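See below for the structure under consideration.
Protein chains: 2
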Amino acid sequence: MPGDASATLAVSTVIFALRREADSELATVWLPLVRRIREPYEGCWALPGGPLRSDEDLAVAAARTLNETTGLTPRYLEQLYAFGDVGRSAGGRVVSIVYWALVRSEEAEQASVGENVRWFAADDLPPLAFDHNLIVEYALWRLRNKMEYSRIAHAFLGETFTLAQLREVHEAVLGRALDPANFRRGIEASNAVVATDEVLLGTRHRPPRLYRYDSAIDLADQGPLPRLNDRPLIAPQQHLNDEGKNA
Amino acid sequence: MPGDASATLAVSTVIFALRREADSELATVWLPLVRRIREPYEGCWALPGGPLRSDEDLAVAAARTLNETTGLTPRYLEQLYAFGDVGRSAGGRVVSIVYWALVRSEEAEQASVGENVRWFAADDLPPLAFDHNLIVEYALWRLRNKMEYSRIAHAFLGETFTLAQLREVHEAVLGRALDPANFRRGIEASNAVVATDEVLLGTRHRPPRLYRYDSAIDLADQGPLPRLNDRPLIAPQQHLNDEGKNA
DNA sequence: TCAAAAGTGTTAGACGTACACCCATGG
DNA sequence: CCATGGGTGTACGTCTAACACTTTTGA
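So the sequences go chain by chain: A and B.
Sequential numbering from 1 applies to the first sequence in UniProt numbering.
Sequential numbering from 1 applies to the second sequence in UniProt numbering.
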């Protein structure tokens, strides 16, 4: 066995945020893409990513390209899949290890958008480079699946939030309305969230109570895999979320 | 960006089979390991695998090393995870794309076991090379999780089987006894299985009916990912399972 | 006082679990 | 006939979806 891996190794990331359309009621899922500036697929939109550096972990590479693209720090980051079929690249074998990430909606609003970076509605994408349409589709499938049995919806929200806001996140991702009463009971029963003694003022109705994450509970069960969110993924720059409590 | 991936790319596979202990009632999960014949970790047991060849897909590489190790064809094969942290290899960066596979129990009984290949009980492993203990642990977690909401148990069985045999598979993987009556109803309601008009004779009680897979139903929902089992993973040798029907 | 959303209560059906019971075969 | 697992019936507790209803604010 001559033991040389004749394939390029790259890391890409599907970055999700929620965006409320100007007119519409429901928020929808959006993601940033970058325009390719070289062959193959020059001019096409593609997932942000790049070659793996020899001194960084896979998840760190994903967080780095995410940051380079959007200027943001991921609130949630999980490996999606390794795509490596022979024919997928057209011009040299490339194995892409793809992550998917969630960023806060408000931060995403003011995220940098250059000439070659643009946000798209996830369910209305143009034809992308390589097999990236399939990859986004798969990432969306995982996001929707995981929403049902984990707490990743919190990753889209700020420090405190109302149950209606949390419900809107679920509704946007799942694409259907949920019963407010039953949703409240479900969340309360899960203990994923703790009530603060504050309420949100300024509405034109009864002020809703504000809630906070229970930081002792992880956003998603990854099984025996070491949890990513326990350590910072990129070098401390501005203000990271660095609450390292455990139960 | 100097764009060269300075990491070796390898594919490994966690291969599961069920084995009934001579005395015990319950079957348990077993897997084959190979002894390393070179540094690092020379002499240690490790997952079967090897470098990725430039002309084969990732899943094909997994099926190939599985076949080279056990002489078997996987009944189920799924990508598990890509492990690529900087410090995991000790002597050169290695990114391992790991698959997990299920093989039929009877075939595994008579599988080739050379000097450097041995089967181990999955819950009683020695310290393995690299981070392979963690990998096996994660694969087991996935197997148990997936057993609850998919039909992968069928992969352990032959062409026809009784519901008691199918229940034994579930019990072995989940590690607890299941109510025969409720299990029957659950399986029947899922339509995963169709009754044949044959029964299994030779027992010392009422002969149980034999069942067959519904080949229109995939073993597990992989979402939008192309299904592996639709095409043969290794070149046709002896007698592959080649029923390519669809609903 | 009214509209609107927050928040609570109640009910009917689905579903999971436990277990009693009959059925059919080998010995 | 009897032991044994195959196979059926049934009842009970829990969970879920639907929706009526009360509460509390801004306007």
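For each residue, glycine too, the CB sits at the ideal point set by N, CA and C.
Note that this is a predicted model, so its numbers are computed, not measured.
Looking at the backbone, the Cα of G175 of chain B and that of E168 of chain B are separated by about 10 Å. Under the DSSP definition of a beta bridge, A46 of chain B partners with B:V34. Residues of the region 83-104 of chain B whose Cβ lies closer than 7 Å to any Cβ of chain A, in chain order: G84, D85, V86, R93, V95 and I97. The beta carbon of D131 of chain A does not come within 7 Å of any beta carbon belonging to chain B, so the residue lies off that interface.
Between V94 of chain B and T8 of chain B, the C-beta spacing is below 7 Å. Under the DSSP assignment, E106 of chain B falls in the alpha helix (DSSP H) whose first and last residues are S105 to E109. With a threshold of 7 Å between beta carbons, Y138 of chain B makes contact with chain A.
By the Cβ test, the region 135-142 of chain B is not in contact with the region 154-169 of chain B, since fewer than three Cβ pairs between them sit closer than 8 Å. Listed along chain B are Q79 and L225, each with a C-beta nearer than 8 Å to that of Y81 of chain A. When secondary structure is reduced to three states using DSSP, A177 of chain B falls in the coil class, being assigned neither helix nor strand. Assigned with DSSP and collapsed to three states, Q79 of chain A falls in strand.
According to the DSSP assignment, Y213 of chain A belongs to the beta strand (DSSP E) that extends over R209 to Y213.
Take R104 of chain B, set aside five residues on each side of it, and the residues of its chain with a beta-carbon closer than 8 Å to its own are A17, L72, R75, A155, F156, L157 and G158, in chain order.
Listed along the chain, the chain B residues whose CB falls inside 9 Å of the CB of A7 of chain A are A5, L9, L52 and S54. If you draw a straight line from the Cα of G50 of chain A to the Cα of A192 of chain B, it comes to about 42 Å.
When secondary structure is reduced to three states using DSSP, V86 of chain B falls in the helix class. Relative to the Cα of G114 of chain A, the nearest Cα in the group A:A172, A:A121 and A:V34 belongs to A:V34. W30 of chain B does not reach chain A, its nearest Cβ partner there being about 19 Å away, counting only Cβ pairs nearer than 8 Å. Here the C-alpha atom of G223 of chain B lies approximately 16 Å from the C-alpha atom of A122 of chain A. Contact of D57 of chain B with chain A by beta-carbon distance below 8 Å involves G84, D85 and V86. Burial is judged here by how many other beta carbons sit within 10 angstroms of a residue's own beta carbon; P207 of chain B has fewer than 16 and is exposed. Sequence-ordered contacts of the region 140-168 of chain B with chain A read W141, R142 and N145 [C-beta pairs closer than 8 Å]. Here E198 of chain A carries a strand assignment [DSSP, helix/strand/coil]. Put simply, the backbone Cα of A62 of chain B is about 18 Å away from that of W119 of chain B.
Taking C-beta atoms as the reference points, L128 of chain A and A46 of chain A count as a pair closer than 7 Å. Counting along the chain, no alpha helix (DSSP H) covers I15 of chain A; the unbroken beta strand (DSSP E) around it starts and ends at T8 to R20. Contact between S12 of chain A and V98 of chain A holds, since their C-beta atoms are separated by about 5 Å, short of 8 Å. A195 of chain A and G186 of chain A have their C-alpha atoms some 14 Å from each other. The C-alpha of Y41 of chain A is placed about 27 Å away from the C-alpha of A108 of chain A. In its chain, beyond the 5 residues on either side, E42, G43, C44, W45, A46 and A129 have a beta carbon closer than 8 Å to the beta carbon of R36 of chain B. Leaving aside the five residues that flank L66 of chain A on each side, the residues in its chain whose CB is nearer than 6 Å to its CB run, in chain order, T13, I15, P74 and A101.
Under DSSP, P51 of chain A takes part in a beta bridge, and its partners are A:A10. For L134 of chain A, the chain B residues whose C-beta falls within less than 9 Å of its own C-beta are P224, L225 and P226, listed in chain order.
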